[in-house]
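>
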Amino acid sequence: MAERLQKILSRYGLVSRREAERVILAGRVTLNGQVVRELGTKADPDRDRLCLDGVWLGQKPPLVYWLLHKPVGYLCTRSDPEGRPTVYDLLPPAGQALRYVGRLDFGSSGALLLTNDGEWAQRLTHPRHGLRKQYRVVVAGRPTPQTLAQWRSGVVLDGRPCQPATVTVLQQTATETTLQIGLGEGRNRQIRRTGECLGHPVRALHREAIGSLGLGDLPPRCYRVLTAAEVSNL
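Counting from 1 along the sequence shown, just add 3 to a position and that's the residue number in the numbering used here.
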């Protein structure tokens, strides 16, 4: 079945839909030997020869959905100019073409989705979808009830108020507090920036679940394949 080139390229997991538009306009894509620059061009991956930077993409790949337990000390990027480890160092050759869905920063751990299904990834990360994520967070100090109420109602970051969050105190010591936080949006370093804003810097951040999908007994540095039911439920 013929589909737009942007959709095909993003499904292969090589680029996002927006990045696909850029590589097409840059003349890096050929269809049956001809350079294509029109964004509305369609192709059938099972019949047409589609190449990116001269490399044939082959027939339509099977869709892959993985859950990785990311440890602290790994970046969500394909390469790092400073030579730091990335999540792709944890994956076998079959996972090198997958893209991560959302991010966890270098100092954070927990559930991270990887896929070559560009449409699925785009849907999960779109603000309208509001996929809820649950975190276990250790912050410095002991937030007051008033501070926790501010966190729940949403502080202002970058001139825009954050959406309301669920915030539950799990444990407190004299110097730090463990919180369980649920978010329906995913701004850049949102939890860490909120903690700083409220005077309680984050000391540890672990994503326990994405929607209905939890890590279970999946060890750090390991991944597993999602079931069809898990994919459709997200």
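Positions of the beta carbon are idealized from the N, C-alpha and C atoms, including for glycine. Predicted, not measured: the structure shown is a model, and the values here were computed from it.
In terms of alpha-carbon separation, which member of PRO164, ARG21, ASP161, THR150 lies closest to VAL170?
Looking at the Cα atoms, THR150 is the closest of the given residues.
> Would you call the segment 159–178 and the segment 202–209 touching, i.e. three or more CB-CB distances under 8 Å?
Flag = no, the segment 159–178 and the segment 202–209 do not touch.
> What do you reckon, are the CB atoms on LEU101 and LEU78 nearer than 7 Å?
It is not a contact, given that the beta carbons lie outside the stated cut-off.
> Whole angstroms are fine: how far does the CA of CYS165 sit from the CA of VAL159?
The straight-line gap from Cα to Cα measures roughly 6 Å.
> In this structure, does DSSP put LEU218 in helix, strand or coil?
Looking at LEU218 - three-state DSSP - the assignment turns out to be coil, as it is neither helix nor strand.
> Thinking just about the alpha-carbon of each residue, which of THR180, LEU107, ILE184, GLY144 is nearest to the one in GLN137?
If we check each option's Cα against that of GLN137, ILE184 comes out closest.
> Do ALA5 and ASP49 have their C-beta atoms within less than 7 Å of each other?
Their beta carbons are not under 7 Å apart, which means ALA5 does not touch ASP49 by this criterion.
> Quick check on DSSP: helix, strand or coil for GLU211?
DSSP places GLU211 in strand when its eight states are reduced to three.
> Would DSSP call GLY113 helix, strand or coil?
Three-state result, GLY113: strand.
> At the level of alpha carbons, what is the spacing between GLU199 and ALA29?
Roughly 41 Å between the two C-alpha positions.
> Taking 8 Å as the limit between beta carbons, can you name the residues of its chain near GLU188, skipping five residues before and five after?
The answer, listed in chain order, is PRO130, GLY133, CYS165, GLN166.
> If you compare alpha carbons, which of LEU107, ARG135, ARG192, TYR103 is closest to ARG14?
Nearest option by C-alpha distance: TYR103.
> Looking at VAL141: is its Cβ nearer than 7 Å to the Cβ of HIS203?
No; because the gap between Cβ atoms is not below 7 Å, this pair is not in contact.
> Are ASP51 and ASN35 touching if we call contact CB-CB under 7 Å?
A contact, by the Cβ cut-off of 7 Å.
> Between which residues of its own chain and THR33 is the CB-CB distance below 6 Å, once the five residues before and five after are set aside?
Answer for THR33: CYS54, listed in chain order.
> Assuming GLN183 is part of the beta strand (DSSP E), what are its boundary residues?
Element bounds for GLN183: 179–186.
> Using the Cα positions of GLY219 and LEU12, report the straight-line distance between them to the nearest angstrom.
Those two C-alpha atoms are separated by around 33 Å.
> Nearest to VAL234 by CA position, among PRO88, VAL67, ARG21, is which residue?
Of the listed residues, the one whose Cα sits closest to VAL234 is VAL67.
> Per DSSP, PRO164 forms a beta bridge with which residues?
Its beta-bridge partners are VAL159.
> Could you work out which residue in THR230, LEU237, GLU211, ASN236 is closest to PRO74 when comparing CA atoms only?
PRO74 has its Cα closest to that of GLU211, out of THR230, LEU237, GLU211, ASN236.
> Considering CYS79, what are the terminal residues of the alpha helix (DSSP H) in which it resides?
Run containing CYS79: none; DSSP gives neither H nor E here.
> Just to confirm, does GLU41 get its C-beta within under 6 Å of one of the non-hydrogen atoms of the ligand ADP?
The ligand ADP is absent from the structure shown, which contains no ligand whatsoever.
> Expressed to the nearest angstrom, what Euclidean distance is found between the alpha-carbon atoms of ASN236 and ARG126?
Going by the C-alpha atoms only, they are around 13 Å apart.
> Determine the closest residue to THR80 out of LEU70, TYR91, LEU71, with distance taken between C-alpha atoms.
Closest by alpha carbon: TYR91.
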